[in-house]
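In our numbering, the protein residues as written are 1139 to 1233. This report concerns only the one structure given below.
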Amino acid sequence: MNSKKAVLLPKYQKIFEHLGENIKLARKRRKLTAEQVSERAGINRTTLYRIEKGDPAVAIGSYFNVFRVLNLEDDFKRLAVDDEFGRKLQDLDLL
């Protein structure tokens, strides 16, 4: 199976880079090494490096496992929770 590289516009790539930086800072605040986090998350060190750089091609499950190891799974659960635009569209359809 051919996998395609995720292509993002630069402004969206910045969002991933910011996320990666936040993950790296969270790991460091907990005084965990990259080896510890990658082992506990069930990923290799290279994948964690890619996550901390904000690589959008890394599987979302790998991102989640890192969040779990850092006890940030509640942050992960809040992704796309507040669908304000979708609710407005739904409300318009009800009229």
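Where a beta carbon is used, it is the ideal one built from N, C-alpha and C, also for glycine. Just so it is clear, the structure is predicted and the values come from calculations on it, not from any experiment.
In this structure, the beta-carbon distance from Val1204 to Ile1161 falls below 8 angstroms. Distance from the CA atom of Leu1146 to the CA atom of Gln1174, rounded to whole angstroms, is 30 angstroms. Residue nearest to Lys1142 within the set Leu1170, Glu1177, Gly1192 and Val1196 is Val1196 (criterion: CA-CA distance). Considered as a whole, the segment 1166 to 1195 harbours 1172 to 1179 and 1183 to 1190 as its complete alpha helix (DSSP H) runs of no fewer than 4 residues, in chain order. Three or more beta-carbon pairs separated by less than 8 angstroms are not found between the segment 1186 to 1194 and the segment 1214 to 1222, which leaves the two stretches without contact. If the five residues before and after His1156 are omitted, its C-beta is found closer than 8 angstroms to the C-beta atoms of Gly1192, all from its own chain and listed in chain order.
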